[in-house]
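A short worksheet on the structure shown next.
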């Protein structure tokens with residue numbers, strides 16, 4: 003497993019990243035930096051997250067012990083003085099200590115055990131005790147009042163249906179005269195014109211093993227598509243000039259309409275890894291070479307909650323728990339995504355992940 007991890011980390015060193023280096027954890031030299039691990043490794047090693055949490059908790063206790071020692075030593079020193087410092091006319095050693103500069107203390111946040119998150123208002127949420135999130139909980143009804151479920155795209159007909167959904171959004175943008183340069187969009191309009199993106203692939207089990215993307219999920223406010231790229235596209239292609247099949251051409255055209263339209267935002271958690279994985283899995287597909295208006299939700303979280311702990315809303319599951327009070331079931335995350343047919347539980351999980 004160690005050789006597999008080293009190999010995949012080496013491959014990821016040259017991949018684009020949308021997050022900055024502040025998200026890495028540097029408490030000790032031997033600490034496993036879980037936030038920088040590739041997802042295919044990170045999600046298959048839950049014991050590492052437990053051990054990392056235990057190490058952070060131990061470090062927190064050591065820090066508190068150090069601060070307590072400094073506090074007691076300083077109070078003893080002040081108590082031994084003939085004249086205590088005077089602050090606002092009152093001789094108060096404790097007040098003097100609290101108001102004196104102290105470069106030794108840092109603002110720290112007590113780490114939470116796995117499966118527990120704390121909102122900024124102090125509410126403690128146990129993820130495992132929340133009701134499971136369902137696709138019907140998040141998809142809005144369309145103009146006809148119909149509520150969609152996920153739609154599997156694994157044929158030419160499915161590609162046409164997906165392309166029509168993209169064209170509908172573009173037509174709505176044109177009809178509303180959406181021009182971001184002259185008329186800044188409202189938050190509601192931005193949500194209506196955004197698509198969530200996520201990918202699934204079979205986790206690597208052996209050193210040097212790199213499995214291609216199996217499914218591409220794209221979800222708007224009213225539609226959720228699970229694109230079976232394993233069934234639609236040629237795999238194990240290395241030559242970028244490889245001729246596309248008729249199905250690949252149709253899919254590439256449909257995706258290009260979305261990805262290269264600057265008015266359509268493509269959102270995701272750690273989305274850079276998914277985009278890079280798509281391009282590496284299908285280098286002959288032009289649609290994966292250029293994507294505009296990409297927005298990593300990690301960046302949004304830091305902008306909205308600048309003083310929150312680094313692990314606050316650090317994953318989609320935590321965000322769902324805090325914002326929707328629902329549990330995103332991750333049981334299917336490490337399943338065999340390259341085996342067909344896909345189970346309904348896999349399809350629902352995939353659509354929810356986008």
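In the numbering used here, the protein residues as written are 3 to 356. Idealized CB from N, CA, C, for every residue including glycine. On a predicted model such as this, the values are computed, not experimentally measured, just so you know.
The Cβ atoms of residue 336 and residue 276 lie no closer than 8 Å to each other.
Taking each of 187, 294, 356, 343 in turn and checking the Cα distance to residue 232, the smallest one comes out for 343.
Bounds of any beta strand (DSSP E) do not take in residue 258; it lies within the alpha helix (DSSP H) bounded by 248 to 261. With three or more CB-CB distances shorter than 8 Å, the region 316 to 324 counts as touching the region 115 to 127. When the beta-carbon positions are compared, residue 256 and residue 168 come within less than 8 Å of each other. Going by DSSP, residue 154 is part of the beta strand (DSSP E) stretching over 152 to 155.
One thing to note: residue 352 has its Cβ no nearer than 8 Å to the Cβ of residue 268. Using a C-beta cut-off of 8 Å, the region 276 to 292 makes contact with the region 231 to 247, since at least three inter-stretch Cβ pairs fall below that distance. Look at residue 118 here: in three-state DSSP terms it is strand. Check the Cα spacing between residue 131 and each of 273, 292, 354, 330: the tightest is with 330.
Separation of the CB atoms of residue 266 and residue 171 is rounded to 7 Å, and the pair is thereby assigned contact status at 8 Å. The beta carbons of residue 270 and residue 198 sit closer together than 8 Å. DSSP lists 218 as the bridge partner or partners of residue 201.
Residue pairing by DSSP places residue 134 opposite 329 in a beta bridge. The criterion of a C-beta distance shorter than 8 Å is not satisfied by residue 161 and residue 153. By the neighbour-count criterion, in which 16 or more other beta carbons inside 10 Å mark a residue as buried, residue 195 falls on the buried side. Per DSSP, the unbroken beta strand (DSSP E) holding residue 226 starts and ends at 226 to 229.
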